[in-house]
Amino acid sequence: MAAMEELEIHSKSYFVRWINVNANHTISWSIQPHKKSVNFGIFKHPGQTSSLGSVLPASDSQSTDSTENLPATAANSGRNQQSAVIDKLTGIGLKQIRWTGKCEADKITQGTYDVPNSEGGNYALVFDNTFSKQISKTLTLVLLTYPTSQPPHTSVSNTLPRSQTGASTDSLPQPKTRRRGNSRATLNGQQDVSNGSVHTGLLQKRRRKRHQGWARRFFSLDFTSCTLSYYHDRNSAALRGAIPLSLAAVATNEKSREISIDSGTEIWHLRASDDQDFIAWKRALERASSKDAQKDSNTSLAAPPELRLHAPSHPDPAEEREWTRVESLVSQVSESRDAVRRLAKDTDPKYMTSPSPTGGIDRPKSRGRSPSPQPSSHDATPGEESRRPFWKRKTSGQSHGSGKRPNAVTSNSSSSQLVVPPTDGKGKPASIHSHADQMDEIHDHLMAVLRDLDTAISEFSTLISESKERRHPPRQSIIPRRSMESDISQEFFDATDGGGDRSPLLTIHDSDDEGPEEDRPASSAEEVEDDAPSDSDGESDTRQESSSGLFPTKPKSLNPLPLDPIKRRANILAPTVMPPSLIGFLRKNVGKDLSTISMPVSANEPMSLLQRAAEILEYSSLLDKASQSADATERLMYVTAFALSSLSSNRVRERSIRKPFNPMLGETYELVREDRGFRFIAEKVSHRPVQLAYQADSKEWSLSQSPMPSQKFWGKSAEITTEGRVRITIHATGEHYSWTPATSFLRNIIAGEKYVEPVGELAVTNESSGNRTISTFKAGGMFSGRSEEVSTRAVDAHNKPLPLGLSGSWPSSLTLTRDGNPTGNTVWTAGTLVPSAPKHYGLTSFAATLNEITSIEEGHLPATDSRLRPDQRALEDGDLDRAEEVKVQLEEGQRARRREMENAGEAWVPRWFTRIGGDSEEVSWRLKGGKDGYWEERAKGSWSNVVPVFE
Numbered sequence: 025m026a027a028m029e030e031l032e033i034h035s036k037s038y039f040v041r042w043i044n045v046n047a048n049h050t051i052s053w054s055i056q057p058h059k060k061s062v063n064f065g066i067f068k069h070p071g072q073t074s075s076l077g078s079v080l081p082a083s084d085s086q087s088t089d090s091t092e093n094l095p096a097t098a099a100n101s102g103r104n105q106q107s108a109v110i111d112k113l114t115g116i117g118l119k120q121i122r123w124t125g126k127c128e129a130d131k132i133t134q135g136t137y138d139v140p141n142s143e144g145g146n147y148a149l150v151f152d153n154t155f156s157k158q159i160s161k162t163l164t165l166v167l168l169t170y171p172t173s174q175p176p177h178t179s180v181s182n183t184l185p186r187s188q189t190g191a192s193t194d195s196l197p198q199p200k201t202r203r204r205g206n207s208r209a210t211l212n213g214q215q216d217v218s219n220g221s222v223h224t225g226l227l228q229k230r231r232r233k234r235h236q237g238w239a240r241r242f243f244s245l246d247f248t249s250c251t252l253s254y255y256h257d258r259n260s261a262a263l264r265g266a267i268p269l270s271l272a273a274v275a276t277n278e279k280s281r282e283i284s285i286d287s288g289t290e291i292w293h294l295r296a297s298d299d300q301d302f303i304a305w306k307r308a309l310e311r312a313s314s315k316d317a318q319k320d321s322n323t324s325l326a327a328p329p330e331l332r333l334h335a336p337s338h339p340d341p342a343e344e345r346e347w348t349r350v351e352s353l354v355s356q357v358s359e360s361r362d363a364v365r366r367l368a369k370d371t372d373p374k375y376m377t378s379p380s381p382t383g384g385i386d387r388p389k390s391r392g393r394s395p396s397p398q399p400s401s402h403d404a405t406p407g408e409e410s411r412r413p414f415w416k417r418k419t420s421g422q423s424h425g426s427g428k429r430p431n432a433v434t435s436n437s438s439s440s441q442l443v444v445p446p447t448d449g450k451g452k453p454a455s456i457h458s459h460a461d462q463m464d465e466i467h468d469h470l471m472a473v474l475r476d477l478d479t480a481i482s483e484f485s486t487l488i489s490e491s492k493e494r495r496h497p498p499r500q501s502i503i504p505r506r507s508m509e510s511d512i513s514q515e516f517f518d519a520t521d522g523g524g525d526r527s528p529l530l531t532i533h534d535s536d537d538e539g540p541e542e543d544r545p546a547s548s549a550e551e552v553e554d555d556a557p558s559d560s561d562g563e564s565d566t567r568q569e570s571s572s573g574l575f576p577t578k579p580k581s582l583n584p585l586p587l588d589p590i591k592r593r594a595n596i597l598a599p600t601v602m603p604p605s606l607i608g609f610l611r612k613n614v615g616k617d618l619s620t621i622s623m624p625v626s627a628n629e630p631m632s633l634l635q636r637a638a639e640i641l642e643y644s645s646l647l648d649k650a651s652q653s654a655d656a657t658e659r660l661m662y663v664t665a666f667a668l669s670s671l672s673s674n675r676v677r678e679r680s681i682r683k684p685f686n687p688m689l690g691e692t693y694e695l696v697r698e699d700r701g702f703r704f705i706a707e708k709v710s711h712r713p714v715q716l717a718y719q720a721d722s723k724e725w726s727l728s729q730s731p732m733p734s735q736k737f738w739g740k741s742a743e744i745t746t747e748g749r750v751r752i753t754i755h756a757t758g759e760h761y762s763w764t765p766a767t768s769f770l771r772n773i774i775a776g777e778k779y780v781e782p783v784g785e786l787a788v789t790n791e792s793s794g795n796r797t798i799s800t801f802k803a804g805g806m807f808s809g810r811s812e813e814v815s816t817r818a819v820d821a822h823n824k825p826l827p828l829g830l831s832g833s834w835p836s837s838l839t840l841t842r843d844g845n846p847t848g849n850t851v852w853t854a855g856t857l858v859p860s861a862p863k864h865y866g867l868t869s870f871a872a873t874l875n876e877i878t879s880i881e882e883g884h885l886p887a888t889d890s891r892l893r894p895d896q897r898a899l900e901d902g903d904l905d906r907a908e909e910v911k912v913q914l915e916e917g918q919r920a921r922r923r924e925m926e927n928a929g930e931a932w933v934p935r936w937f938t939r940i941g942g943d944s945e946e947v948s949w950r951l952k953g954g955k956d957g958y959w960e961e962r963a964k965g966s967w968s969n970v971v972p973v974f975e
């Protein structure tokens, strides 16, 4: 295999390129760093595990001649730079093979390594850039692997430079393929298309990222080397990846036509388009995976013992004798365990009475329980002491300062057998009646020994049983393989049914519990376009988040609704000062989170981030229509239109030049819309990082989110992202919908007309049925200005297309489509703007009412509501000087409260929301209920335990 790659290594990091190499093969490399130098080394993964942390310890994985290959620069002045990476990699179990050290910039560094016999496996090419504090590095890597005894004589070898290491400044041939992730690869040389030595064809390959589905790729299986490779298409020379089947576990699922290949470093999930292709590929993989094919191939590798799929058919006689001795020893321990159990029963206070020093009161029966083989049935000693082995526990004298260790059980240093003390005529120890006050302690110690023996015997029995199954299998046994890049120890390979002609491939049986929707079988018509920007060079399994605890439930009441309609204002005062120039302000904050930077108040709009969050409900009527629709797909369309509608608040470009106020920690905002039939409450629950929590309820639906917004400045634009899924419950059907807000970019920050546009995709999922929509925002050209077109397609839980969809423009309207054709039915139209909107912050009519105190809020708001924030109110009134002064005072007060809590060792606890569990990568909050609930406190008119954050 020959490949050319262009790699990018970020600053203060290192890049690992994994390859599978057969024994008695040679790894040949040529490296040319561009402009700046990097360090290079080779490591080997010593075995096959699911986690690098579980491999050999560092003392065993470190080469004995680890400094032999270090150049002088690396061994002396540069050693500190290399030691961190070397120590880290060897510390997690990788074996150092060779450390080349510094590869000079714009020079070619070449080298080879001959893989010894029985040393084939996974090798890591490590490119180190940890010494660079600010500069990322790029380099071109030409990689070649070939049998050591058969150097290449084809055109493949001609692509490699022939100059000596570091002796030439000639550039390596540059790859001509487009960039994918942080590497790209090209294959040089011609493919062998002989039917007898190569099997080729198209398969669908699952992508790495979520919701990206499957992509059609061209695969080539070389029977001479038993290696499976894949390319973008038939005419592509770019090698995407290769797996030697001798080092991999291959499993098939006939029902879904899926093929899974686990090499130990990555997993490929493949799928055939029809049954005929599946059968052809299965037979080809069986041939390549068979023992005969790997034995006859002079370039193949017989899998190391720890990687072989099939257990030996004839057990080793010496191993049989050893296991027989183990069984005998376990029998002896079991007999001792039975003797201890009888003694423990005899000393159990529950079965005897003992006179107390004052006169014959029965000993409490709750002090002991009848012994049982299960450890859980015994009384455990409280605290950590009960979890320690018996021989490590303190004696009575050590624990209580008096008394001696009881002589109930003694240990002979020359024998492992337990010695039982003499008994009286009734079978009980003679010391029982003379040491009645120590009976509880004797019994506890016996129970501890019994628990330890039970555990040891149980583990030995399991070990013996597994050994018998391995040494004397009723049918051919398969050792499950696990990917070392997967954190989920999930065994999905089952043993194949027996027979003389059994397949060397594993079989995947369907499970009643389906995994994430992107892992489910999909029809060939629903594969992702081949031109999608990302491809999977390694697959990762994802977990489906729990739907029950994170979604809002229907409230018992909608207090204070219903209310009589009121009249709201139609506009606000125009700003008196334009926002400041951002060139000087932002050039010092490249890459920083803008939410953590204090900006002048003239750069704000008279709204807080909490009020901006409430703008999602401007088009709540879409959720009302969804709850009233009888068709499930139509409901999904309405919810999707609601998810897209909130983007229209940025349609006026003048609004892009200002930002909302960053709320104080503990600041709240309520919104009761009697005309729309919903209530909304939000609170800032975290300051660093900034996180809000809000929930809205109506008669038909409930909505919640714990958004964590962030903005990063990249020079000419700012990336606006929001972590935290929006979750909706439709009460009439009980359905749950969720999505993550789309990423947006603020363009032309430094010069030009500023505007906000969403990018990428927005996926809305019906968590109850698995149906989902994927809305794609059309990317605009370099000089085309803002892109406004959006299209939506829908698929079911099995990625089969659904008839309905959406098309239109996210700032203006969305139209329903059926089978890709417009129906003329407009689902959503953007609302009105305030009069002369460009002169009034670019607000919508809905947003202009958010900071107004109406008769609904008058006298019913807590002191933390955003409407009562003085600097925000001063800015709306046009008093810029007072707004700036108060803003500084409020920020100082917040810092003072934080210092007081830190000095007292306390942490901020939100008043109205409580943190809940769920997806490990997301922090979610739920609105409190009952007497501590916001709406209950509002009904009583008393706000208890509220911190005055505006003082």
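Count along the sequence shown from 1, then add 24; that gives the number in my numbering.
Using N, Cα and C, we set each Cβ at its ideal position, and we do this for glycine too.
Buried/exposed call for residue 731, threshold 16 Cβ in 10 Å: Buried, since its Cβ has 16 or more Cβ neighbours within 10 Å.
Selected residue, minimal CA-CA separation from residue 769, among 777, 742, 350 and 926: Nearest option by C-alpha distance: 742.
Inter-residue Cα distance where the pair is residue 718 and residue 746: 14 Å
Buried or exposed (CB count within 10 angstroms, at least 16 for buried), residue 507: The predicted model places residue 507 with a pLDDT of 37, which falls under 50 and marks its position as unreliable; any figure quoted below should be read in that light. Classification of residue 507: buried, given that the 10 Å Cβ count is 16 or more.
Residue 57 - containing beta strand (DSSP E), residue span: 49–58
Where residue 630 falls: helix, strand or coil (DSSP): Three-state result, residue 630: strand.
Contact test: residue 725 Cβ vs the ligand COA heavy atom, cutoff 7 Å: This structure lacks the ligand COA, and indeed carries no ligand of any kind.
For residue 683, the residue or residues it bridges with in DSSP: Beta-bridge pairing links residue 683 to 628.
Rounded separation between residue 37 and residue 226 - CA only: 37 Å
Pick from 733, 966 and 40 that is closest to residue 712, judged by C-alpha positions: Of the listed residues, the one whose Cα sits closest to residue 712 is 733.
Reference residue 280; option with closest CA among 260, 290, 272 and 303: 303
Limits of the beta strand (DSSP E) - the one that residue 663 falls within: Per DSSP, residue 663 belongs to no beta strand (DSSP E); it is in the alpha helix (DSSP H), 656–669.
Counted within 10 angstroms of its Cβ, other Cβ atoms place residue 776 as buried (16 or more) or exposed: exposed
Residue 801 - containing beta strand (DSSP E), residue span: 796–801
Counterpart residues of residue 889 in DSSP-defined beta bridges: 692
In DSSP terms, what residue 127 is bridged to: 62
Proximity below 8 Å, CB of residue 887 to CB of residue 899: no
Under 8 Å between C-beta atoms of residue 662 and residue 650: yes
Among 928, 309, 46 and 975, nearest to residue 273 - alpha-carbon criterion: 309
Nearest candidate by alpha-carbon position, reference residue 750, set 757, 905 and 791: When only C-alpha atoms are compared, the closest one is 791.
Residue range of the alpha helix (DSSP H) that includes residue 118: Run containing residue 118: none; DSSP gives neither H nor E here.
Cα-Cα separation between residue 967 and residue 937, rounded to whole angstroms: When rounded, the distance between both Cα atoms is 15 Å.
Pair within 8 Å by beta-carbon distance, residue 639 and residue 870: yes
Through-space distance from residue 795 to residue 818, alpha-carbon basis: 7 Å
Check whether residue 696 and residue 703 have beta carbons under 8 Å apart: Closer than 8 Å, so yes.
Under the three-state DSSP convention, the category residue 787 falls into: strand
Beta-carbon proximity list for residue 626, same chain, < 7 Å, skipping 5 on both sides: 601, 603, 604 and 904
Environment of residue 925 [buried if 16+ CB atoms lie within 10 Å]: By the neighbour-count definition (other C-beta atoms within 10 Å, threshold 16), residue 925 is an exposed residue.
Cβ neighbour criterion (16 or more within 10 Å) applied to residue 586: exposed
Residue 740 in three-state terms, based on DSSP: coil
Distance between beta carbons of residue 665 and residue 641, contact taken as under 8 Å: Going by Cβ atoms, the distance from residue 641 to residue 665 rounds to 14 Å, so no, they are not a contact pair.
Residue 934 to residue 951 span [Cα, whole Å]: 10 Å
Residue range of the alpha helix (DSSP H) that includes residue 832: No alpha helix (DSSP H) holds residue 832; the beta strand (DSSP E) holding it covers 828–833.
Buried or exposed by the 16-neighbour rule on C-beta atoms within 10 Å, applied to residue 813: Classification for residue 813: exposed.
Close Cβ partners of residue 35 (< 7 Å) along its chain, the five nearest in sequence each way excluded: 153, 156, 157, 158, 159 and 160
Backbone secondary structure at residue 161 - three-state DSSP: strand
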